[in-house]
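**Student:** Structure in structure tokens, see below.
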Amino acid sequence: MYQLGWFSTGRDKAAGDLLQVVNSGIKQGEIKAEIAFVFSNREPG
Numbered sequence: 021m022y023q024l025g026w027f028s029t030g031r032d033k034a035a036g037d038l039l040q041v042v043n044s045g046i047k048q049g050e051i052k053a054e055i056a057f058v059f060s061n062r063e064p065g
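Taking this note's numbering, the leading residue of the sequence shown gets 21, the next gets one more, and so forth.
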């Protein structure tokens with residue numbers, strides 16, 4: 021199993037969509053991995 025690190029500002033819809041697709045694939049067993057950490061460099065506001 022792979023351990024993934026997720027780096028994203030999460031500013032646009034595509035970023036959220038990609039995270040949802042990957043997370044869904046992991047939950048359904050299509051992707052043999054887990055998201056070990058999330059790093060977001062987005063500033064408040």
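Just so you know, even glycine gets a beta-carbon here, dropped at the ideal spot from N, CA and C. No experiment lies behind these values; they were computed from the predicted model shown.
Along the chain, where does the beta strand (DSSP E) that runs through Ile55 open and close?
**Tutor:** 53-59
**Student:** Please tell me whether Leu24 and Val41 are closer than 9 Å, where the distance is taken between their beta carbons.
**Tutor:** no
**Student:** Where does Gly30 fall in DSSP's three states?
**Tutor:** coil
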